[in-house]
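Below: one structure, written as structure tokens.
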Amino acid sequence: MENICVLLTYPVPEYLVQELEKRFTVFKFLEVASNPQLLREISNSIRAIVGTAVCGADAGFIDALPKLEIVASYSVGFDKIDLVKCKERGITVTNTPDVLTDDVADSAIGLALATLRRICVCDRFVRSGKWKKGEFELTTKFSGKSVGIVGLGRRGSAIAKRAEAFGSSISYHSRSEKQESNYKYYSNIIDLATSCQILFVACALTKETHHIVDRKVIDALGPKGIIINIGRGAHIDEPELMSALLEGRLAGAGLDVFEHEPEVPEELLGLENVVLQPHVGSDTVETSVAMSDLVIDNLEACFQNKPVLTPVI
Ligand code: NAP
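Numbers 9 to 321, taken from my numbering, label the letters of the sequence shown in order.
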């Protein structure tokens, strides 16, 4: 397989680069992009793209690669891949589901605890020496709070399981009611937001879920509510979120993802009632190895004419 050319669209962990280089001829887009002649030369030989949650394959990119057979994404989300174009061209698309579910759910619960118990503010309080001048203020309890989940898929279900251990009542909104679940279903996200205190956003990003959390949802959650987003930034109308936080119409937010990553709205940086993460929900050493192995397994299966392990299309 050494002659098969693979294009990496975006930096990925060194382990994945090394494993790819053991098997394929690997080109890194960031390195070849500045060399138009090389780019022209390789465009006719690239048979696979390895993309990420940040950079996948849009229509222009796919059109520029006539020999492309597979887009293997190092991510579970595939909102950065033009699936319609891939389908038209008969290009296989794979992602890395399941292996990162636990990490993202752990991270979501961590964000909820950090937001309610003000863990980052506490940390700064101790480091700055303020503790010597007085006690820290009271915070808000997590255990027993009612939890609403937008998208009871793999991630949403894993969050629900963890929240149950905190004595939370669980309800959810998704396109369809899950018969296998005992959680309360709301067909309308506003009813879900009205009924819960902590709203976790864990659905896939599509045209329908773009800004699914808007002013109406935020106001339904109310001034004691908090939002945790470990889906995609564009699920939330960010200007509406910021004004709600600034005006006290929402108690707080824990955000792993942002609409224009890595840009984060300036106003958010100054708020003490938000906890911010640089899209690291699934970024642990263990999961990064599991995701990398799955990318490799999908590529190998594709080029050995076997069924890929985790097809999107
Ligand atoms: P999944 O198992 O496919 O679940 C997706 C959920 O989204 C399903 O419950 C689905 O509901 C719901 N959904 C889809 N369209 C909807 C709509 N219009 N309205 C309401 N709900 C809708 O996916 P997953 O593995 O849990 O991952 C979910 C997302 O998390 C990914 O797409 C990705 O964007 C994000 N993610 C983030 C990180 C991170 O590091 N922060 C890491 C991995 C993934 P139905 O079942 O009713 O269709």
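Glycine included, each C-beta is placed from N, C-alpha and C at the ideal position.
Less than 8 angstroms between the beta carbons of residue i and residue j, yes or no?
i, j, result
"Val20", "Tyr82", "yes"
"Leu263", "Val282", "yes"
"Cys204", "Ser179", "yes"
"Ile99", "Gly64", "no"
"Gly159", "Ile238", "no"
"Phe311", "Ile54", "no"
"Thr102", "Val316", "yes"
"Tyr18", "Gly68", "no"
"Ala113", "Phe150", "no"
"Ile167", "Leu207", "no"
"Arg257", "Ile226", "yes"
"Ser300", "Leu16", "no"
"Leu302", "Val34", "no"
Note down the Cα distance separating residue i from residue j, rounded to an integer number of angstroms.
i, j, result
"Tyr193", "Lys153", "17 angstroms"
"Glu267", "Lys30", "36 angstroms"
"Asp87", "Lys140", "49 angstroms"
"His243", "Asp222", "9 angstroms"
"Cys94", "Lys75", "12 angstroms"
"Leu28", "Tyr191", "42 angstroms"
"Gln285", "Val62", "15 angstroms"
"Ser177", "Val155", "6 angstroms"
"Leu146", "Gly260", "15 angstroms"
"Asp71", "Ala80", "17 angstroms"
"Gly142", "Phe133", "10 angstroms"
"Thr148", "Val265", "23 angstroms"
"Ala201", "Leu249", "14 angstroms"
"Arg48", "Phe32", "19 angstroms"
"Val40", "Glu271", "25 angstroms"
"Leu213", "Gly137", "43 angstroms"
Starting from the Cα of residue i, find the closest Cα among the options and give me that residue.
i, options, result
"Val84", "Ala56, Thr295 and Ala120", "Thr295"
"Arg162", "Leu229, Arg135 and Pro105", "Pro105"
"Thr109", "Asp301, Phe174, Thr292 and Lys232", "Thr292"
"Asp245", "Val209, Ser189 and Ala41", "Val209"
"Ile198", "Phe35, His218 and Ala228", "Ala228"
"Ile157", "Lys36, Ile50, Ile304 and Ala116", "Ala116"
"Asp66", "Gln45, Pro44 and Leu91", "Leu91"
"Ala56", "Ile321, Glu308, Pro270 and Lys224", "Glu308"
"Ser251", "Glu10, Lys224 and Asp131", "Lys224"
Exposed or buried, what is residue i when buried is set at 16 or more other beta-carbons lying within 10 Å of its beta-carbon?
i, result
"Gly278", "exposed"
"Ser184", "exposed"
"Phe144", "exposed"
"Asn313", "exposed"
"Asn306", "buried"
"Leu38", "exposed"
"Ser165", "buried"
"Gly233", "buried"
"Arg240", "buried"
"Asp131", "exposed"
Got a sec: is the Cβ-Cβ distance from residue i to anything in chain D below 8 angstroms?
i, result
"Asn313", "As a matter of chain content, chain D is missing from the structure shown, which is built from one protein chain."
Kindly provide the ranges of any beta strand (DSSP E) runs that are 3 or more residues long and lie completely inside the region 32-87, ordered along the chain. Complete beta strand (DSSP E) runs here, min 3: 33-36, 54-60 and 78-82.
Within the region 89-124, ranges of the beta strand (DSSP E) (whole runs, at least 3 residues): As summarised for the region 89-124, the continuous beta strand (DSSP E) elements at least 3 residues long and confined to that stretch are 100-102, given in chain order.
Report the residue ranges of all beta strand (DSSP E) runs contained in full by the region 236-307; include only those spanning at least 3 residues, in chain order. Listed in chain order, the complete beta strand (DSSP E) runs (minimum 3 residues) inside the region 236-307 are 260-263 and 282-284.
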